[in-house]
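The structure under discussion appears below in the form of structure tokens.
Residue numbers (full-length UniProt numbering): 1 to 375.
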């Protein structure tokens, strides 16, 4: 007769649990934007904690934080000053010179028999000439697109400032937020969790430092090669090569394609062929020598894990997600390894025989019957 209240209590508990889980999921979905900003702020705080810690040894911590964040703010400003003016100038030249480029293409098509046959079948030159003639008139129609782009830039700046402010508070607190969070855990596990978090922070800092070194090498060498080939806007293009080099796996390829398109309008086919050969050779050297030496000790994530992490990160946060995907994957890998080590330590004593049984020697001889008494 007592089973009725027990069943009702079980059903009520299960219902309340399901409702709580659903409510938590809905709450996380509604707060997804500030939670994403907070996660990025934690990432930035971990990234700058290394330089801040080194500078704090020779100056007050507040001054060290100020200098590091001034550097963080100056880098995007310098990149914009280097890249944007030549990019706008090149866009204006493209609009002005589009009809001439179309005439050059038409001349190449008429001089080549294969291209001439394709043009006779698909009328490619006429369509290209038509689009080139209409391009200057379409520039005025881009006002609405530029307005949307401006709003996107404003929203991005607001998000970036918010993330930086959150990260400043996290860095200013030092280890206090981590220690406060560890106090909420089980006391005997706090030391292990703290050590795991320290390894994650070290992996993230090492990855960022290695990625910056790798991007600097790529940009510097690209600038030298483009200067030798006489490619215009070698400085801004080298900066773009370095920025795209921060994106694992595919960033260097995208940058090489962009520079290759520029060489088409500068000295085709000599500069284009030379740049393609250089890009292929350098990517092989980077993938086999530079990147393994820089990043192997930092993260140790396999190539398949890097690609999967990039796909997930880009799907969630776009380019920014692709940039932070590898250190996040490395942190998850460290967490999983430490959890498995802890589980092994918990299970191993259960598999070992008790000490009393191990101390007693095995009795291999069978018992013998006593000798019969003499008659």
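Heads up, the beta-carbon is just placed ideally off N, CA and C, and yes, glycines get one too. What you are looking at is a predicted structure, and each value in this text was computed from that prediction instead of being measured.
Can you find a CB in chain C that lies within less than 8 Å of the CB of residue i?
{"i": "residue 87", "result": "Protein chain content of the structure displayed is limited to a single chain, and chain C is not contained in it."}
Is it buried or exposed, residue i, if we count other Cβ atoms within 10 angstroms and call 16 or more buried?
{"i": "residue 257", "result": "exposed"}
{"i": "residue 236", "result": "buried"}
{"i": "residue 163", "result": "buried"}
{"i": "residue 336", "result": "exposed"}
{"i": "residue 62", "result": "exposed"}
{"i": "residue 210", "result": "buried"}
{"i": "residue 414", "result": "With the chain covering 1 to 375 only, the question about residue 414 has no answer from this structure."}
{"i": "residue 24", "result": "exposed"}
{"i": "residue 280", "result": "exposed"}
{"i": "residue 49", "result": "buried"}
{"i": "residue 186", "result": "exposed"}
{"i": "residue 244", "result": "buried"}
{"i": "residue 347", "result": "exposed"}
{"i": "residue 15", "result": "exposed"}
{"i": "residue 184", "result": "exposed"}
{"i": "residue 58", "result": "exposed"}
{"i": "residue 142", "result": "Since pLDDT at residue 142 reaches only 49, below the 50 mark, its modelled position is unreliable, and no value is offered."}
{"i": "residue 80", "result": "exposed"}
{"i": "residue 18", "result": "exposed"}
{"i": "residue 40", "result": "buried"}
{"i": "residue 1", "result": "Interpretation of residue 1 is limited by its pLDDT of 47, a score under 50 that renders its predicted location unreliable; the figure taken from the coordinates is listed afterwards. Exposed: under 16 other Cβ atoms inside 10 Å."}
{"i": "residue 339", "result": "exposed"}
{"i": "residue 315", "result": "exposed"}
{"i": "residue 64", "result": "buried"}
{"i": "residue 303", "result": "exposed"}
{"i": "residue 238", "result": "buried"}
Spatial neighbours of residue i within its chain, please: CB distance less than 8 Å, with the 5 preceding and 5 following residues excluded, ordered by chain position.
{"i": "residue 275", "result": "225, 226, 229, 231, 256, 259, 260, 263"}
{"i": "residue 330", "result": "200, 203, 204, 207, 298, 299, 300, 301"}
{"i": "residue 271", "result": "229, 230, 231, 263"}
{"i": "residue 178", "result": "194, 197"}
{"i": "residue 7", "result": "none"}
{"i": "residue 28", "result": "35"}
Report all residues from its chain with a CB closer than 7 Å to the CB of residue i; omit the five preceding and five following residues, and keep chain order.
{"i": "residue 291", "result": "214"}
{"i": "residue 217", "result": "290"}
{"i": "residue 38", "result": "166"}
{"i": "residue 159", "result": "37"}
{"i": "residue 240", "result": "83, 255, 258"}
{"i": "residue 67", "result": "55"}
{"i": "residue 342", "result": "192"}
{"i": "residue 334", "result": "196, 199, 200, 203"}
{"i": "residue 326", "result": "207, 248, 299, 301, 306, 309"}
{"i": "residue 433", "result": "Missing from the structure shown is residue 433; the chain here goes from 1 to 375 and no further."}
{"i": "residue 180", "result": "none"}
{"i": "residue 86", "result": "233, 236"}
For residue i, which residues from the same chain have a beta carbon less than 6 Å from its beta carbon, with the 5 sequence-adjacent residues on both sides left out?
{"i": "residue 9", "result": "none"}
{"i": "residue 234", "result": "223, 226, 227"}
{"i": "residue 283", "result": "252"}
{"i": "residue 13", "result": "none"}
> What alpha helix (DSSP H) runs, 4 residues minimum, are completely inside the segment 162-214?
Replying inline: 176-183
> Between the segment 240-254 and the segment 319-326, are three or more C-beta pairs nearer than 8 Å?
Replying inline: yes
> At what residue ranges does the segment 224-268 contain a whole run of the alpha helix (DSSP H), taking only runs of 4 or more?
Replying inline: 234-244, 251-264
> Is the segment 311-318 touching the segment 190-207 in the sense that three or more CB pairs, one from each, lie closer than 8 Å?
Replying inline: no
> Three or more C-beta pairs closer than 8 Å, one from the segment 65-79 and one from the segment 35-55: is that the case here?
Replying inline: yes
> Which full runs of the beta strand (DSSP E) of 3+ residues lie inside the segment 279-328, going along the chain?
Replying inline: none
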